[in-house]
Amino acid sequence: MTALLEARGVGKRFGGFVALEAIDLDIANGERLGLIGPNGSGKSTLVNCLTGTLKHDSGGIRYDGRAIDSLSPHQRTRLGLARSFQLPKPFRTLSLVDNLRIPLIYTVGARTKAHHLSDAAAQQRALAVLADVGLADKAHRLPRDLTQVEMRKLELARAVASAPRLLFADEAMAGLSPAEVEEILAVLFRLNEEGITIVLIEHIMRAVMSFSTRLVVLVAGQKIADGPPQEAIRNPQVERAYLGE
Amino acid sequence: MSAAKFLVVSFVVSLAALVASRFASNEYFFYIGYQVLQFAVLATAWNILGGYTGYINFGTPAFFAFGAYSTVVLHKLTSLPVPAMMLVAGVVSGVMGLGMGYLTLRLRGVFFAIATLALAIVAQTLIVNWDFVGGSRGVYIIRPEMAPIHGTYVQYLYTLMFALVWLSVAVARTVERSRLGLGLAAIRDDELAAEASGVPTLRLKLISTTISGALMGMAGAPLPYYVTYLDPTSSFNLSYAVNSVAMPVIGGMTSWVGPIIGAALLGTVQQLATVMHFRVDPSVNLLIVGLLLIVFVIIAPNGIIGLFRARRRGAGR
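Just so you know, the protein sequences line up as chains A and B, in that order. Residue numbering for the first sequence follows our numbering, starting at 1 and increasing by one per position. Residue numbering for the second sequence follows our numbering, starting at 246 and increasing by one per position.
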């Protein structure tokens, strides 16, 4: 089976600091991939390079069989590569519906130019996605009226509204209570069942272990483990990175 | 209200206001009115980039004066009617807006603002060193003896500026309500998130600078005929930059109504101060604008329309 996304030797430096050192990563269609590593190990940098927010210095990225290295972030989103941000970045002057109408109009609408996405259809779809994550009753409120967990849901909903094939959820659960973590996990499981490939970047081990079908571990910009979750965390290098000698 | 309906209604209202104001017997009224209208256009144009897109532009004088100087060039070379010159000025300043966008839109926040300020200085230096349009000495423009429509020449220019206010409000409202406006709002709120949501941010920002610059240029085009003597110091005056920022801030930046309210208020206050000339320095105008700006930023950061909206929301609860 060919991979949905293929990264070969992706490297990124900030001045003299090597943030990523020649990362190889294949993401298969439909899988639930957990991406873990200590703080500063390059997880977010890798996501930024794959989604185009940062330009990688070396290596190449292929998505769905084509090279996407030179594409800007909005072009990659239109191809079906969506992300949520570690710190939620809502459009704060717009209602929740309008927050979701933006990816609908600019991604789904741009993708299906032939059959024009009408305003009414965009509105309806936005409400449906909000209902999916349990935010229907706040559809016409502003992001500042949301709680922390609702903000995370909005962040995911906005990424989902672009109808992605591959979703990077960057620390979607940081700072949430165990019950709230379960809520977000349930949303992610459902999205995966609907056919979206999900990469979960997360520190909460319990969440990652229950969610992932495969685990990739980054330490200091290098991939040190890649495999079934239980095997990956028993890898001696991973134990050393997390627990010390 | 639908876009077509708004165009018709606003056209009728503008026409009625124009006809009513033409009954004013005092020629000085048109002289003052022209300036207030001109600021209404500048404020509306500024707000498309500043209010909708979130990029603070201090380069208004550059776009405005380039519009005026394109008229000087056309006046010397051709005998085009003023409305045609306004269109040409719109193209000139629109292209300038596009160019400025390419050069500066990588910068954000205060750095973008500084770059636009620099643009105004560079543009002024260009004009000062261009003898054909009078250089630093300035240039005299002799008005045609007869206005093409009934009334004096100043009344004619006043009428043109009235039409331009209508046009710029129509453009601003159309942008505001369109998908383009939604994309611009996304850029204003968070550019990274906008890009991640599929918004082609660079292209939208370039459209925004181009429209904004074009309208500013059109506002400047009739200026040489209005003042009959144009020089770089007055046409690149800082007061254009300050006013086109202050008016939307005071009126409210989220809607096309804000800049119009701000221009009506600030423009009138400044003209009154000039008429009553308190035997003080003319720059007292800038002092008034500055003080009002500070007051509003403190008590009403969302401008006058923000105050009304807050009250309505409060009453609704």
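In this text, a Cβ means the ideal position worked out from N, Cα and C, and glycines have one as well. It should be emphasised that the depicted structure is a prediction, and the values quoted were computed from it without experimental measurement.
Check                                                                                                                                                                      : Outcome
Output the boundary residues of the beta strand (DSSP E) element that contains Ser31 of chain A.                                                                           : Note that residue 31 of chain A corresponds to Glu in the displayed sequence, not to Ser. Element bounds for Glu31 of chain A: n/a, residue is neither H nor E.
Closer than 8 Å by beta-carbon distance: list the chain A residues that pair up with Asp434 of chain B, in chain order.                                                    : Pro90, Phe91, Arg92, Thr93 and Leu94
Applying the 10 Å Cβ sphere with the 16-neighbour rule, what's the burial state of Val355 of chain B?                                                                      : exposed
Once DSSP output is grouped into helix, strand and coil, what is the label at Leu20 of chain A?                                                                            : strand
Have a look at Pro326 of chain B and Ala408 of chain B and give me their C-alpha separation to the nearest angstrom.                                                       : 15 Å
Is the separation between the beta-carbon of Val286 of chain B and that of Val410 of chain B shorter than 8 Å?                                                             : yes
How about Ala261 of chain B: is its C-beta nearer than 8 Å to some C-beta of chain A?                                                                                      : no
Looking at C-beta atoms only, is the number of pairs between the region 225 to 245 of chain A and the region 256 to 270 of chain B that lie closer than 8 Å three or more? : no
In three-state DSSP terms, what is Ile204 of chain A?                                                                                                                      : coil
Please classify His395 of chain B as buried or exposed, where buried requires at least 16 other C-beta atoms within 10 Å of its C-beta.                                    : exposed
Would you say Glu440 of chain B lies against chain A (beta-carbon separation less than 8 Å)?                                                                               : yes
Can you tell me whether Ala139 of chain A is helix, strand or coil according to DSSP?                                                                                      : coil
By the criterion of Cβ-Cβ separation under 7 Å, what are the contact partners of Leu437 of chain B in chain A?                                                             : Thr53 and Lys89
For Thr583 of chain B, which of helix, strand or coil comes out of DSSP?                                                                                                   : The displayed coordinates of chain B run from 246 to 562. Any statement about residue 583 of chain B would go beyond what the structure contains.
Relative to the C-alpha of Ala246 of chain A, which candidate in A:His74, A:Ser44, A:Leu79 and A:Ala67 has its C-alpha closest?                                            : Coverage of chain A is limited to positions 1 through 245, which leaves residue 246 of chain A absent and any answer about it impossible.
Are the Cβ atoms of Leu449 of chain B and Gly465 of chain B separated by less than 8 Å?                                                                                    : no
Can you pull the chain A neighbours of Arg353 of chain B, defined as C-beta to C-beta under 7 Å?                                                                           : Ordered by position in chain A, no residue passes the 7 Å Cβ test against Arg353 of chain B, which lies about 14 Å from the chain.
Leaving out the 5 sequence neighbours to the left and right, which residues in its chain are closer than 6 Å to Tyr403 of chain B when beta-carbon positions are compared? : Phe275, Gly278 and Tyr279
Below 8 Å on the Cβ atoms is my guess for Val10 of chain A versus Gly65 of chain A; work out the distance and round it to an integer in Å.                                 : Actually they are not in contact, since the Cβ atoms of Val10 of chain A and Gly65 of chain A sit about 17 Å apart, beyond 8 Å.
What is the residue span of the beta strand (DSSP E) that Gln222 of chain A lies within?                                                                                   : Gln222 to Gly227
Count the other CB atoms within 10 Å of the CB of Leu282 of chain B; is the residue buried (16 or more) or exposed (fewer)?                                                : buried
Using a C-beta cutoff of 8 Å, does Phe85 of chain A count as contacting chain B?                                                                                           : yes
Flag Ala174 of chain A as yes if its beta-carbon sits less than 8 Å from any beta-carbon of chain B, otherwise no.                                                         : no
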